[in-house]
Structure formats: structure tokens, C-alpha cells
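Report on the structure given below.
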Amino acid sequence: MSLLPDAVRREAFAEASRFRSEFYECLTARRDELFELVDSLLCADGPVKTPVDLTLVPEHRRGHGALYGALNRGGVDVTRLRAVLAGLPLPRFEGGRLVLAVDVSPWLRSDAPCSAERLFCHVYGRAKSASQFIPGWPYSFVAVLEPGATSWTSVLDVVRLGPEDDATAVTAAQLRAVAERLISAGQWTPGDPDITIVMDAGYDVTRLAWVLRDLPVELVGRVRGDRVMRLPKPSPKEYALAYPQGGRPPKHGKEFRFAEPETWPGAAVTTVTDTANYGKAEAQAWDRVHPRLTHRSAWLEHDGELPVVEGTLVRLKVEHLSKEREAPPVWLWSSKTGAASADVDLWWQVFLRRFDLEHTFRFTKQTLGWTTPKVRTPEAADRWTWLVVVAHTQLRLARLLAADLCRPWEKPARPERLTPARVRRGFRNIRAHLLCPARVPQPRGTGPGRPPGTKNRHPAPRYDVGKTVKRPETLKAIGRPGRPW
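Structure (C-alpha cells):
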């Protein structure tokens, strides 16, 4: 039983009901079935093994034919739904700062030659040697992170990467759209701290920082430990002392080799923090460190002189990992210059919180069955993905209303420590008090169907991985292996 005040519970019920009403208005075709499909996702007992099992849940009042018809031919106004998600109450860090995380998770479809627009997705095994490329649909997620140890995130946007898409360009457009929607919804106003966006080493953080430089955002990304960057160029006075004979001033300073400490100058900021899981965490920061750009890769078509994208380089070293394992240093790069000690500590702490998005991926796949349906078309996959996002959002809005229905072998958890899986156990009780705009199904007769013994004379076309249509004469269909999917 929840111990929250009645006013807080009423507001939580009202907020959840408002979201359900707005979500229903975002459905443009077969809206009643799609709405009930989300409710059956939330009220089913245990993990979702196959979508057709959801038609046996009492909250699903239609047949299995309606389920597949809605997935294949339903309609979702994604633009309106994205605006609704941006307007919901969002978690914030100290000072009211919004922290976003972006990452890619694949929907693997290795045995689906009739499914179009598949790419080779990079999948990690138990060891680095076990990593491999498997055909599937990669999806880029943007979510809001919460402070503290938690498995909750607030998903704001999902975009499927296609065969002809450039990963950096798609990510830049996605982050720009999310930031603009947050500003339009009043989540950020002038005078607030910049929105922090954290990402892993698979992203070109310096390129994204340059593309998004006109927005109130600061990017924090992990960079590989074998990189070489440049220090800021010397001032005119320093250059005159070093080169009295004169000459053209350099565009970049000396090399900063991550693997060679003798190339490191004195750190501008050094912080030491005691942590509960990693011992002492020492962070060193160097200001105005930047890469030396060339007309290759993402900068191939850049017009004019290449820019100097300066930022703050951070080296994080902790005493140990879990089980006293040795911890290699982690290198981070932030698009903000002139950082203080508080900024440096914030960056590595939000980077550690980025792994909360992995909990969201695991929950949506293992419990909500995001990658379970064997849908054929990528449009149906997109539709199902958004339904899973809506289901996860409803769990987040209902977390204050849920009781801890723990199993006999589980430890009781405080209300603020309930996981999405435990909130889902009691959602059926919460749903009874929420708005349900779906209409009662009308009885209909059964259609004649295909006559027995006849065959399908129009087989589905086959597609190559990374191509739109299969052409036997071209076997160059490969994904972009540079992206760690």
C-alpha cells in the first residue's frame, strides 16, 4: 500500500490519465486495438514471449487478427507523440539540469530475408573475440537520465537507422529535434544550465559538438585510449619567445598522446572523490584540447577551412572495479571549455549514469518483448517500438502509485527504489483507476479466408542486408562497420 499523501496520488493519477488520453489522440488508424495492445503489454503476467499471447490478457478485448492488423496497418502520429513525451515531467540533476543519453540498440533479424532495410549490427559477446555482425534493424534512442543509482530513464525519441543513412548525420538531426522540442515545451528556458548530452565512444562527439554549436547543449563523450589530440596553440607572446625568427603562427599546439604521459602538460583541474563502488576516483582535466581535423570521413564535404573544435579532455582513474578488478583509465571529452571542478565531476558522474539506458534496453527486450515479434516490414517494427516506449512511459508515470508486490524470495524495496518490473506487476490494479478511452469492440462475422489447398502465388520479395531490393548481380551489401552497433 502506498504511503503517499492523497494530493500527490491524485496528481499522479491525473498525470497518467492525461498521458493516456493524449496517446489515444496520437493514434490515427486502428487506435482502439493499438491502445489495448499497450494495456495488455503492461498487464500481462511475466515476460512477453510472443505478441499473440497478449490477446489472452483480459485487458485485450479483441481477437488475434485485430492485433496483427493493427501492427501491419495501424497508424501512429509520431510527431505529435514526440511532443507529448517532451512535455511530461522529467527528472533533473542538481541545479535543474537535464541530462540526456543517446545510444543504439539493435533489433536482430538474421533469419528474415523478406524484411527490408536491415543492416549489419555489431553485437558483443562474452569476450571481445566473440563480437560479430548480425543482420537487424538498429534503433537510436534518446532518453533523460536520473540522478542516483536507478534503472529508470525517460525515453524521448526513437529513430531507426536505414541503409542509406549516415549515423552521425542522423544522430545530429535527432538530437537537434529533441533539444528543440524540450525548449518548445518549456523544459529549458534562458538562464537554465545547458542540456548535457552524454554518449559512448562510438559517436563522433567533436563532429556533433560542431553541428549542434548553436543549441544550449554541451556534449560529453568517451574517446578511445589510443587517440592523439592537440593542445591549444601558443599565445602570440609564447610564440615570439619560442620562435624569435618569426614565421606563420601554428594552428594547433603540441600533440597530446593519450598513451604517452610524457606528452601531457599539467592538468588545469584535478579532483579526487570517494565513491562507494570504485574507491577513490581521480579526474584530471585539460582545457581547450581538440582533434586535428582532416578532409576525411564526416569532414569530407566540409566547405572552407576546417574548424578548431576545442573542448575539455578528462582522464578518469578509479582504484578498482567490482570484485577488486583493475580499472583502466577512461577518457572523456566535453564540448565546454573553461570548466571548473564541479563541471569535471558532473561529466564523469553523468557518464556512469549513461549505463542506466542499458537497463532500459534489457527491460524492454526481456520483459516487454520489444524484439520478440517476427514482423516483416520495418514500418511494423517502428510501430511496435513506439508502443513499447509508451508502455515504459506509463510505468514511469505510475511508479509513485505502485505497491511493492515482491515475491517471497525477494527483498522488499522502498517506494522510490521500485524497478520497472515491480511496477508492472501491480499495473493492473492501477489501471482500474485510470482513463481508458478505447471503445468496446463490435461483434463481426468471420471472413471466408483463403480456400483450403490454394497456394500464395505472390511470394514476398527478398532483400539483401544493407540494400533496398535484392539484386543478384551486386553483392556489395554491407553495413557501416565503423559504427559499434
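According to this note's numbering, the sequence shown is numbered sequentially starting from 5.
Every residue, glycine too, gets a C-beta built ideally from N, C-alpha and C.
Fair warning: this is a prediction, and the values are worked out from it, not measured in the lab.
Can you look up residue i in the DSSP assignment and give me helix, strand or coil?
{"i": "R226", "result": "strand"}
{"i": "E259", "result": "strand"}
{"i": "Y72", "result": "helix"}
{"i": "F359", "result": "coil"}
{"i": "H294", "result": "strand"}
{"i": "P419", "result": "helix"}
{"i": "C125", "result": "strand"}
{"i": "P485", "result": "Bear in mind that a pLDDT of 36 at P485, under 50, signals an unreliable position, so the number given afterwards is only what the model happens to contain. Here P485 sits in coil by DSSP."}
{"i": "A436", "result": "coil"}
{"i": "P142", "result": "strand"}
{"i": "R13", "result": "helix"}
{"i": "T277", "result": "strand"}
{"i": "A18", "result": "helix"}
{"i": "L31", "result": "strand"}
{"i": "Q370", "result": "helix"}
Taking 8 Å as the limit between beta carbons, can you name the residues of its chain near residue i, skipping five residues before and five after?
{"i": "A87", "result": "R185, S188 and A189"}
{"i": "L58", "result": "L41, S44, L45, A48, V52, H64 and L71"}
{"i": "T54", "result": "G373, T376 and P377"}
{"i": "L31", "result": "L38, F39, G78, G79, V80 and D81"}
{"i": "H396", "result": "V159, T364, F367, T368, L372 and P424"}
{"i": "R34", "result": "A70, G73, A74, R77, G78 and G79"}
{"i": "C118", "result": "R380, A464, P465, R466 and Y467"}
{"i": "T298", "result": "L310"}
How big is the Cα-Cα spacing for residue i and residue j?
{"i": "F1", "j": "E150", "result": "Given a span of 5 to 489 for the chain in the structure shown, any question on residue 1 remains unanswerable."}
{"i": "S339", "j": "T200", "result": "10 Å"}
{"i": "A74", "j": "W413", "result": "39 Å"}
{"i": "P110", "j": "G470", "result": "14 Å"}
{"i": "T267", "j": "V276", "result": "22 Å"}
{"i": "A20", "j": "Q398", "result": "7 Å"}
{"i": "D169", "j": "L409", "result": "45 Å"}
{"i": "G315", "j": "D307", "result": "22 Å"}
{"i": "A11", "j": "A18", "result": "11 Å"}
{"i": "L405", "j": "E420", "result": "11 Å"}
{"i": "R217", "j": "D107", "result": "20 Å"}
{"i": "V348", "j": "R466", "result": "51 Å"}
{"i": "V127", "j": "D115", "result": "16 Å"}
{"i": "P220", "j": "A181", "result": "13 Å"}
{"i": "V427", "j": "A407", "result": "7 Å"}
{"i": "S301", "j": "A177", "result": "18 Å"}
{"i": "D386", "j": "G166", "result": "12 Å"}
{"i": "E330", "j": "P254", "result": "40 Å"}
{"i": "G99", "j": "L325", "result": "29 Å"}
{"i": "L94", "j": "W192", "result": "11 Å"}
{"i": "H437", "j": "R14", "result": "10 Å"}
{"i": "A289", "j": "T274", "result": "6 Å"}
{"i": "E362", "j": "V103", "result": "16 Å"}
So, at 7 Å on beta carbons, what are the nonlocal neighbours of residue i in its own chain, with the 5 sequence-adjacent residues on each side left out?
{"i": "R296", "result": "R234 and H256"}
{"i": "R432", "result": "C47"}
{"i": "G342", "result": "D291"}
{"i": "E259", "result": "V232, R234 and T267"}
{"i": "E26", "result": "V88"}
{"i": "E222", "result": "D198, T200, S338, S339 and K340"}
Taking 7 Å as the threshold (C-beta atoms), are residue j and residue i in contact?
{"i": "V202", "j": "A344", "result": "no"}
{"i": "G67", "j": "L38", "result": "no"}
{"i": "R319", "j": "P332", "result": "no"}
{"i": "T175", "j": "T364", "result": "no"}
{"i": "R211", "j": "T172", "result": "yes"}
{"i": "R113", "j": "G140", "result": "yes"}
{"i": "A425", "j": "T371", "result": "yes"}
{"i": "L317", "j": "W303", "result": "no"}
{"i": "A285", "j": "T279", "result": "yes"}
{"i": "L160", "j": "V146", "result": "yes"}
{"i": "L439", "j": "R24", "result": "yes"}
{"i": "P197", "j": "R101", "result": "yes"}
{"i": "L422", "j": "R403", "result": "yes"}
{"i": "W352", "j": "G229", "result": "no"}
Within 6 Å: the Cβ of residue i and any heavy atom of the ligand SAH?
{"i": "T59", "result": "Inclusion of the ligand SAH in the displayed structure is not the case, the ligand content being empty and no account of it being possible."}
When burial is assigned at 16 or more other CB atoms within 10 Å of the CB, is residue i buried or exposed?
{"i": "S144", "result": "buried"}
{"i": "F359", "result": "exposed"}
{"i": "L310", "result": "exposed"}
{"i": "W489", "result": "Confidence at W489 is low in this model, with a pLDDT of 33, below 50, so its placement is unreliable and the value that follows should be read with caution. Buried, since its Cβ has 16 or more Cβ neighbours within 10 Å."}
{"i": "P265", "result": "exposed"}
{"i": "Q446", "result": "exposed"}
{"i": "P456", "result": "exposed"}
{"i": "G225", "result": "buried"}
{"i": "L60", "result": "exposed"}
{"i": "E29", "result": "exposed"}
{"i": "T458", "result": "exposed"}
{"i": "E121", "result": "buried"}
Using a Cβ-Cβ cutoff of less than 6 Å, which residues in the same chain neighbour residue i once the five nearest sequence positions on both sides are dropped?
{"i": "V312", "result": "H294"}
{"i": "D36", "result": "A442 and R443"}
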